[in-house]
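Asker: If you scroll down you'll find the structure; I have some questions about it.
And the structure:
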């Protein structure tokens, strides 16, 4: 019998004691396992023999039973990473821990996003493992600009001191020039002990973090940029020290000193890192801007009094007064007043939106003219703004598939460079410049310091950060880097009609009634339904003064209509097909119905006691952006399709108005996913655009699922991309942004690879002084980040 271990596993999907009993029975049949499953707490307490079982086998067995092992996602700030080798090492080691699902370490943001099985691991265990790797991890909190400013201030101080100590040494480099300069050289500066005095603080105090970073990497059988810097600068420093000691033994000896090489190299790298930090700070401006949008306080009505309170103290149900020019504090509903609200900061739309009683308002938007009284509906982390910030943060911390190549190269980069430096040293020392140690050493140092894994590690994440931030500013929320990458491949767009092409706010336009109680019965039955058309009929009935009646035996037939009983009479409302199923004949009214449908109206037929009682025509207004957006997509060579549960005639009328030739009509929600599959089978990369509710299967099946996030609803689970505000012009804009971001990433990767492919051979050939090589290395990563920042200026 081996060592027994006890774990607690969170389980989702259990509905009753039968579920827990089944899981318990199956787990207890495993060798060496004793399980107790608690349905109320939704967890299993499992004791198992570590020699006979492992966590993976136990959790897989739970999944095979059809239940989900609950996972948790945590974000950490990581201090001490210097290049892609560091982030790769953390990913690799943490990923091997029992209970870990996924690990994504973002070098550009110095963060780690970790998903782990609930109960199998603790945050403390993860932090401890990160610490053992030699890095400092901290559970992520809201980091403001203060912390970043402190870090930049520290970098500035180090850089200033390093420049101050290196300048005298830089001046001595004149002595190394192969020609007469005429520049006077103070004799004391050529003294090896004076140079040692200047170089030592730079090497071991200012450059201490390079040594600690290299030590961590080597201790964990890895290698990173710090290893290259330490090897190169230490070689120059200690060789110079050796030369200085020789002058003690032989006072007439003229030493070959390279103290200036080590000090200037470290200074140049710090210059590069400082500018890189400044540039990287700008890549996260999108989140900073979003955070700054939040109102700081709210004027609430409590006990009949108006009180100004901090935003954190607002509770759901509070009545809030918003005056002209003020920010709307939280998400809510207008109780009184009429005004226009500027929602540009959330939706990207420049035209203010009219608001009146019953309309939804979004927190952080600006009330333009009238006074509004609103009721708080969503506060804190549940608001639209908080959801947007969360989506953007997660997207910026994610990895795009294109980064895999860079990660693979980064993993083997440093050992290869060290090997090249050793070979270069040996070739120069034994063949090109026999027994010339200083020259051979210079070449090896140049090879070590010109190589830059940082540029490779930053090439993709910086572009993803800027691209997703740019999208958020325009009202386009990408859920992750993989979706930002995939969107540029889209060549077919499938649009749902209601709420996507149209506004989704239908109104009754015509009523044909053959029975006095038709409208009262129809409005009463539809009052139980959740369909948008139902709301239009109920609203119309109320406007006509109808009193809603009690409804019994209500049943919805998705895509066809509804059935119910009112006052002991049956009522059926819906399509021709539903009428045919109930043997209802509409006779001479077929022509009238066809004419209504040809105008783009949806006609709801009504039958009471299986006798045709009338018809109600409903029309939905087409969005102003639909026609132009569809034209843009078609001009870009993208095939546009419309899919709807509406009848063929109505669907074609709407499609004709917006310029769509391909129409799928009378489609049930579950069939939309099959249409996506058909298009994919024909070689199309499909984007499905819908409301995220009855379109969820199709959104999930599509290559990219785009959901319309209207009002305060932006965190739509089924979608890969959320289009805030519902403007269809966001679709071509999202595709264009994806295309430009991918172009930017390829430029970065090309530069990073080209720089190393050209720079290392030039250094090995002896054509570069080590300090020139160091300067090139320092600014290669700066150039990559700066190129990524160009995305902020692109027009979409």
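In the numbering used here, the protein residues as written are 3 to 798. All C-beta atoms, glycine included, are put in the ideal place defined by N, C-alpha and C.
#1: Following the continuous alpha helix (DSSP H) through residue 750, name the residue where it begins and the one where it ends.
#2: Tell me whether residue 296 sits in a helix, a strand or coil according to DSSP, three-state version.
#3: Are the CB atoms of residue 722 and residue 392 within a distance shorter than 8 Å?
#4: Across which residues does DSSP place residue 2 in a beta bridge pair?
#5: Taking DSSP's pairing of strands, which residues face residue 321 in a bridge?
#6: Closer than 7 Å: is that where the CB of residue 622 sits relative to any heavy atom of the ligand ATP?
#7: Could you check which residue in 112, 111, 102 has the C-alpha nearest to that of residue 121?
#8: Can we say the region 372 to 392 touches the region 333 to 347, given the rule of at least three CB pairs closer than 8 Å?
#9: Could you pull the start and end residues of the beta strand (DSSP E) that residue 514 belongs to?
#10: Quick check on DSSP: helix, strand or coil for residue 687?
#11: If you reduce the DSSP assignment to three classes, tell me which class residue 598 lands in.
#12: Please list the terminal residues of the continuous beta strand (DSSP E) segment that includes residue 341.
#13: Sorted by chain position, which residues of the same chain lie with C-beta nearer than 8 Å to residue 733's C-beta, five sequence neighbours on each side aside?
#14: Which residues in the same chain have their Cβ closer than 7 Å to the Cβ of residue 151, if we skip the five residues on either side of it in sequence?
#15: Between the alpha carbons of residue 145 and residue 641, how many angstroms are there, rounded?
#16: How should residue 601 be labelled, buried or exposed, when 16 other C-beta atoms within 10 angstroms of its C-beta is the threshold for buried?
#17: What are the boundary residues of the beta strand (DSSP E) that residue 480 is part of?
#18: Pull up the CB-CB distance for residue 501 and residue 353, whole angstroms please, since I reckon it's below 8 Å.
#19: Under the three-state reduction of DSSP, which class applies to residue 727: helix, strand or coil?
#20: Is residue 84 helix, strand or coil when you go by DSSP?
#21: Does DSSP put residue 441 in a helix, in a strand, or in coil?
#22: Quick one: Cα of residue 216 to Cα of residue 438, how far?
#23: Taking the CB atoms as reference points, tell me whether residue 204 and residue 164 lie closer together than 8 Å.
#24: Indicate whether residue 366 and residue 347 have their beta-carbon atoms separated by less than 8 Å.
#25: Is it the case that the region 224 to 244 contacts the region 461 to 470, given that we only count it when at least three CB pairs across the two stretches are under 8 Å?
#26: In three-state DSSP terms, what is residue 234?
#27: Grab the span of the alpha helix (DSSP H) containing residue 138 for me, first residue to last.
#28: Would you call the CB atoms of residue 45 and residue 6 closer than 8 Å?
#29: Among 237, 310, 220, which has the Cα closest to the Cα of residue 299?
#30: In the DSSP assignment, what residue or residues form a beta bridge with residue 614?
#31: Return the chain-ordered list of same chain residues with a C-beta closer than 7 Å to the C-beta of residue 232, the five sequence neighbours on each side being excluded.
#32: Over the uninterrupted beta strand (DSSP E) stretch that includes residue 586, give me the two end residues.
#33: Got a sec? Which residues, its chain only, sit under 7 Å from residue 258 by beta carbon, not counting five neighbours each side?
#34: Would a C-beta distance cut-off of 8 Å place residue 295 and residue 478 closer than the cut-off?
#35: So, are the CB atoms of residue 142 and residue 124 less than 8 Å apart?
#36: Could you say if the region 515 to 525 and the region 593 to 611 meet the contact criterion of at least three C-beta pairs nearer than 8 Å?
Answerer: The short version:
#1: Numbered from 1 along the chain shown, position 748 holds the residue referred to as residue 750. In the DSSP annotation of this structure, the continuous segment of the alpha helix (DSSP H) that includes residue 750 starts and ends at 732 to 766.
#2: As a working note, residue 296 is residue 294 in the chain shown. Coil.
#3: For the purposes of this step, residue 392 is taken as the residue at position 390 of the chain shown. For the purposes of this step, residue 722 is taken as the residue at position 720 of the chain shown. When the beta-carbon positions are compared, residue 392 and residue 722 stay at least 8 Å from each other.
#4: Absent from the model: residue 2. The displayed extent of the chain is 3 to 798, so no value can be given.
#5: Position 319 of the chain shown, counted from the first residue, corresponds to residue 321. According to DSSP, which records beta bridges pairwise, residue 321 is partnered with 303, 377.
#6: Among the components modelled here there is no ligand, and therefore nothing to report on the ligand ATP.
#7: As a position in the chain shown, residue 121 is number 119, starting the count at 1. Its Cα nearest to that of residue 121, the residue 102 stands out among 112, 111, 102.
#8: Taking 8 Å as the limit for Cβ pairs, the verdict is that the region 333 to 347 does touch the region 372 to 392.
#9: Translated into the one-based positions of the chain shown, residue 514 becomes position 512. 509 to 515 is the span of the beta strand (DSSP E), which, as asked, contains residue 514.
#10: To locate residue 687, count along the chain shown from 1; it is residue 685. Three-state result, residue 687: coil.
#11: Counting from 1 along the chain shown, the entry for residue 598 is found at position 596. Of the three classes helix, strand and coil, the one that applies to residue 598 here is helix, per DSSP.
#12: Position 339 of the chain shown, counted from the start, is the residue given in the question as residue 341. Unbroken beta strand (DSSP E) run through residue 341: 341 to 344.
#13: For the purposes of this step, residue 733 is identified with residue 731 of the chain shown, where counting begins at 1. The answer, listed in chain order, is 495, 631, 635, 689, 691, 708, 725.
#14: As a first step, residue 151 must be located in the chain shown, where it is residue number 149. Answer for residue 151: no residue qualifies.
#15: For this step, residue 145 is matched to residue 143 along the chain shown. For this step, residue 641 is matched to residue 639 along the chain shown. Residue placement at residue 145 is flagged as unreliable, the pLDDT there being 44, under the threshold of 50; a coordinate-derived value is accordingly withheld.
#16: Taking the chain shown and counting its residues from 1, one reaches residue 601 at position 599. That one is exposed.
#17: Within the chain shown, the letter at position 478 stands for residue 480. Residues 478 to 480.
#18: Along the chain shown, one-based indexing puts residue 501 at 499. Along the chain shown, one-based indexing puts residue 353 at 351. Not quite, the Cβ-Cβ distance comes to about 20 Å (not below 8 Å), so this is no contact.
#19: Within the chain shown, the letter at position 725 stands for residue 727. Residue state, collapsed to three classes: coil.
#20: As a working mapping, residue 84 is identified with position 82 in the chain shown. Secondary structure of residue 84 (DSSP, three-state): coil.
#21: Looking up residue 441 in the chain shown gives position 439. Residue state, collapsed to three classes: helix.
#22: By 1-based counting over the chain shown, the position of residue 216 is 214. By 1-based counting over the chain shown, the position of residue 438 is 436. Taking the straight line from one Cα to the other gives about 29 Å.
#23: Stepping through the chain shown from its first residue, residue 204 is reached at position 202. Stepping through the chain shown from its first residue, residue 164 is reached at position 162. Contact: yes.
#24: Position 364 of the chain shown, counting from 1, holds the residue named residue 366. Position 345 of the chain shown, counting from 1, holds the residue named residue 347. Here residue 366 is near residue 347, since their CB atoms are less than 8 Å apart.
#25: Output reads no: the region 224 to 244 does not touch the region 461 to 470.
#26: Walking along the chain shown from the start, residue 234 turns up at place 232. Of the three classes helix, strand and coil, the one that applies to residue 234 here is helix, per DSSP.
#27: Counting from 1 along the chain shown, the entry for residue 138 is found at position 136. For residue 138, no alpha helix (DSSP H) segment is defined; the enclosing uninterrupted segment is the beta strand (DSSP E) at 138 to 141.
#28: What you label residue 45 is simply residue 43 of the chain shown in a count that begins at 1. What you label residue 6 is simply residue 4 of the chain shown in a count that begins at 1. No, Cβ-Cβ distance for residue 45 and residue 6 is not below 8 Å.
#29: Within the chain shown, numbered from 1, the residue matching residue 299 stands at position 297. Nearest C-alpha to residue 299 among 237, 310, 220: 310.
#30: Residue numbering aside, residue 614 sits at position 612 when the chain shown is read from its first letter. Answer by DSSP bridge pairing, in chain order: 609.
#31: Along the chain shown, read from residue 1 onward, the residue named residue 232 stands at position 230. Within its own chain, the residues whose Cβ lies closer than 7 Å to the Cβ of residue 232, once the five positions on either side in sequence are excluded, are 212, 213, 216, listed in chain order.
#32: Within the chain shown, residue 586 is the residue found at index 584, counting from 1. According to the DSSP assignment, residue 586 belongs to no beta strand (DSSP E), since it is labelled neither H nor E.
#33: Against the chain shown, residue 258 aligns to sequence position 256. Answer for residue 258: 245, 440, listed in chain order.
#34: Here residue 295 corresponds to residue number 293 of the chain shown, with the count starting at 1. Here residue 478 corresponds to residue number 476 of the chain shown, with the count starting at 1. At the C-beta level, residue 295 and residue 478 stay beyond 8 Å of one another.
#35: Taking the chain shown and counting its residues from 1, the one referred to as residue 142 is at position 140. Taking the chain shown and counting its residues from 1, the one referred to as residue 124 is at position 122. The beta carbons of residue 142 and residue 124 sit no closer together than 8 Å.
#36: Yes, the region 515 to 525 is in contact with the region 593 to 611.
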